[in-house]
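A.B. asks:
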Amino acid sequence: RPLDPARLQNLLPQTLPGGFALTAASSTADGGAQAEGEYANGAQRIVLRIAQTGRVGEIAPAASYARSYEGQDGYARTNAVDGRLYGESMNSASGPASFVIVGYGLMLSAEGSGGVLPDQARAAVETVGIQRLERELRN
166 RPLDPARLQN LLPQTLPGGF ALTAASSTAD GGAQAEGEYA NGAQRIVLRI
216 AQTGRVGEIA PAASYARSYE GQDGYARTNA VDGRLYGESM NSASGPASFV
266 IVGYGLMLSA EGSGGVLPDQ ARAAVETVGI QRLERELRN
């Protein structure tokens, strides 16, 4: 059963660590509920997304998985922890940093630009919390 996209949008925080404030929010039910919040702190921008990827509470996509890349243009790391897939990347040439968690029927991601660091993208995702989302949206 699809989640109400407005319910997801209401879970977006008004602020994120590091002085980021919500500047715009939207939601859609196109193929599955999704909400997106745009945050700004000066020239830095973070887009935070909550998306339904299946029935909340379903088995996550990866029980054990690990992949890593590092080069002159940046890095990408992906691994599985407690059945959830975690990914982090940074492109030093073009600048975007991202952090994503694919959990039990949900995906939570943040992509930053304008000098946002991977730790800031991770902090945005952790502000919402995938486990809290899974608990709240299971019913």
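Counting in my numbering, the sequence shown runs from 166 upward without gaps. Backbone N, C-alpha and C define an ideal beta-carbon position, used for all residues, glycine too.
1) Do P170 and A189 have their C-beta atoms closer together than 9 Å?
2) Classify E301 as buried or exposed, calling it buried when 16 or more other Cβ atoms lie within 10 Å of its own Cβ.
3) I want to know whether the stretch 200-220 touches the stretch 268-287 - three or more CB-CB distances under 8 Å.
4) Whose CA, out of A275, L250, R287, lies closest to the CA of I211?
5) Taking only runs that begin and end inside the stretch 173-256, name each unbroken alpha helix (DSSP H) of 4 or more residues, in chain order.
6) Compute the Euclidean distance between the alpha carbons of L181 and E299, then round it to the nearest angstrom.
C.D. replies: Taking the definition as stated:
1) Along the sequence shown, one-based indexing puts residue 170 at 5. Along the sequence shown, one-based indexing puts residue 189 at 24. Result no, Cβ atoms of P170 and A189 do not sit closer than 9 Å.
2) Position 136 of the sequence shown, counted from the start, is the residue given in the question as residue 301. E301 is exposed by the Cβ-count criterion.
3) yes
4) Stepping through the sequence shown from its first residue, residue 211 is reached at position 46. If we check each option's Cα against that of I211, A275 comes out closest.
5) none
6) Counting from one through the sequence shown, the residue named residue 181 turns up at place 16. Counting from one through the sequence shown, the residue named residue 299 turns up at place 134. Distance between the alpha carbons of L181 and E299 is about 20 Å.
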